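Quick notes on the structure that follows.
2 protein chains.
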Amino acid sequence: MPAVKSAPPEPAPRRHQTRQRARILEWLRGTDSHPTALLTHEALVRELPNLSLGTVYRNLEVLVSEGLIDEVPSAGGGVRYDGNPKPHHHFICEGCGAIDDLHLQAPAELARKLRRARGRSARRIRIDFYGLCETCELHASTAETAS
Amino acid sequence: MPAVKSAPPEPAPRRHQTRQRARILEWLRGTDSHPTALLTHEALVRELPNLSLGTVYRNLEVLVSEGLIDEVPSAGGGVRYDGNPKPHHHFICEGCGAIDDLHLQAPAELARKLRRARGRSARRIRIDFYGLCETCELHASTAETAS
DNA sequence: AATCAAATCAGGAATAATTCCTGAAAGGGG
DNA sequence: CCCCTTTCAGGAATTATTCCTGATTTGATT
């Protein structure tokens, strides 16, 4: 039997690995949209026919608390989820609401400015760029000339 | 875009000035919290006893579309409102959820980075700093030493 | 493999947040 | 003042999210 296993260095709360949770995480990682809980459920209910919406909500919450996914507050108030927990930023189209990942780094200048203004340091900086995506910009200009 | 400004494209849709809308705007400007629609209603229903929640929602929406106030997507999904429509940024406490205004300017570098990464320009940049406010930082450290 | 306790599940009811609808009342121009 | 439009209150309807319950699954242990 196992020899001396003095101290399990894992204070991580023992969680069961379940099919539902695993698939939710996997699917989130495989999409680059930023779905709501409802969209996540709709996408998975086909292969897990009795996946319940409550289960989706509960597991998204668990995954967020484990730092495996990210919660992104979105315009209009709904919560969306992001399968990529590494810090990154977003371009949000004001026309169609699409959210695009932007893998750029926040300038160190920002942290300095915060410290100067408030004497606080930030554990995380989130930058949202608002504008029109290519498609919506085209629509807007054609609508303009049409009026 | 035509150079001749033949017709005023947006004659600023004539809006009635109503007591309810005026008070909602005035109250929002006078507070530095970032209240939800519900909180706004609760604060004003005392002096306007038959102000309805629906009216608050409708007027907040109107004020946002007029650019007089700002909609702030907040963690947890609720929409909050900000009486200061001038671009500014926020420090959000991860402990208590408080939202503090930060009147600092986004570095021009950010717009350049966006253009380089996506070829898009942003009509607006929103920066959220996440961390612990002074109070919550104290609580956290005392809790830590107590364990 | 059989057993057991804890975690998780599905499903639905309950709650919260927001929008929509209706008829009544108030603003504003003439 | 009169007419037309906008806004109003109130409540019903819709949507988003959380909570509850008893059944099922998981991982560990025999």
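Protein sequences, first through last, are from chains A and B. Position 70 (the first sequence) corresponds to 70 in my numbering; numbering is contiguous. Just so we're on the same page, my numbering is the position in the second sequence counted from 1, plus 1000. Note that CB positions come from ideal geometry on N, CA and C, so glycine has one too. Values in this document were obtained by computation on a predicted structure and should not be read as measured data.
Beta bridge counterpart(s) of residue 71 of chain A as assigned by DSSP = Note: residue 71 of chain A is bridge-paired with A/81 in the DSSP secondary-structure output.
Extent of the continuous alpha helix (DSSP H) to which residue 1038 of chain B belongs | 1037-1044
Under 8 Å by Cβ, that's how I've got residue 1044 of chain B and residue 1027 of chain B pegged, so tell me the actual separation to the nearest angstrom.
-> 6 Å
Could you give the residue range of the alpha helix (DSSP H) that holds residue 102 of chain A?
-> Run containing residue 102 of chain A: none in the alpha helix (DSSP H); it sits in the beta strand (DSSP E), 99-102.
To the nearest whole angstrom, what separates the beta carbons of residue 1108 of chain B and residue 102 of chain A, a pair I think is in contact under 8 Å?
-> Contact between residue 1108 of chain B and residue 102 of chain A is ruled out by a C-beta separation of about 17 Å, above the 8 Å threshold.
Check whether the Cβ atoms of residue 56 of chain A and residue 24 of chain A sit closer than 8 Å, and answer yes or no.
-> yes
Are residue 1158 of chain B and residue 1104 of chain B touching if we call contact CB-CB under 8 Å?
-> Any question about residue 1158 of chain B goes unanswered here, given that chain B covers just 1001 to 1147.
With C-beta atoms as the reference, is residue 1095 of chain B less than 8 Å away from residue 1140 of chain B?
-> At a Cβ-Cβ threshold of 8 Å, residue 1095 of chain B and residue 1140 of chain B count as neighbours.
Kindly confirm or deny that the region 48-55 of chain A and the region 63-71 of chain A touch, where touching means at least three C-beta pairs closer than 8 Å.
-> No, because fewer than three Cβ pairs between the region 48-55 of chain A and the region 63-71 of chain A fall closer than 8 Å, the two stretches do not touch.
For residue 1088 of chain B, the three-state DSSP class (helix, strand or coil) = Here residue 1088 of chain B sits in coil by DSSP.
In chain order, what residues of the same chain have a beta carbon less than 8 Å from the beta carbon of residue 67 of chain A, not counting five sequence neighbours either side?
-> 85
Beta-carbon contacts of residue 31 of chain A that lie in its chain and below 7 Å, excluding the five residues immediately before and after = 83
Taking residue 1109 of chain B as the query, report the chain A residues whose CB atoms sit under 7 Å from its CB, ordered along the chain.
-> Around residue 1109 of chain B, the beta-carbon contacts reaching into chain A at under 7 Å are 107.
In angstroms, rounded to a whole number, what distance separates the CA positions of residue 52 of chain A and residue 1077 of chain B?
-> 21 Å
Indicate the three-state DSSP secondary structure (helix, strand or coil) for residue 93 of chain A in the structure shown.
-> In the structure shown, residue 93 of chain A sits in a strand (DSSP, three-state: E or B).
Alpha-carbon to alpha-carbon, residue 92 of chain A and residue 136 of chain A | 12 Å
Spell out whether any CB of chain B is found under 8 Å from the CB atom of residue 128 of chain A.
-> yes
Between the region 76-103 of chain A and chain B, which residues of the former have a C-beta closer than 8 Å to a C-beta of the latter?
-> Within the region 76-103 of chain A, the residues whose Cβ lies closer than 8 Å to some Cβ of chain B are 76, 77, 78, 79, 91, 94, 100, 102 and 103, listed in chain order.
Measure the C-alpha to C-alpha separation of residue 1088 of chain B and residue 1138 of chain B and round it to an integer number of angstroms.
-> 27 Å
So what does DSSP say about residue 1124 of chain B, is it helix, strand or coil?
-> strand
Flag residue 140 of chain A as yes if its beta-carbon sits less than 8 Å from any beta-carbon of chain B, otherwise no.
-> no
According to the neighbour-count rule (16 or more other Cβ atoms, all chains shown, within 10 Å of its Cβ), is residue 19 of chain A buried or exposed?
-> Exposed.
Using a Cβ cut-off of 8 Å (strictly closer), state whether residue 1052 of chain B contacts chain A.
-> Not an interface residue.
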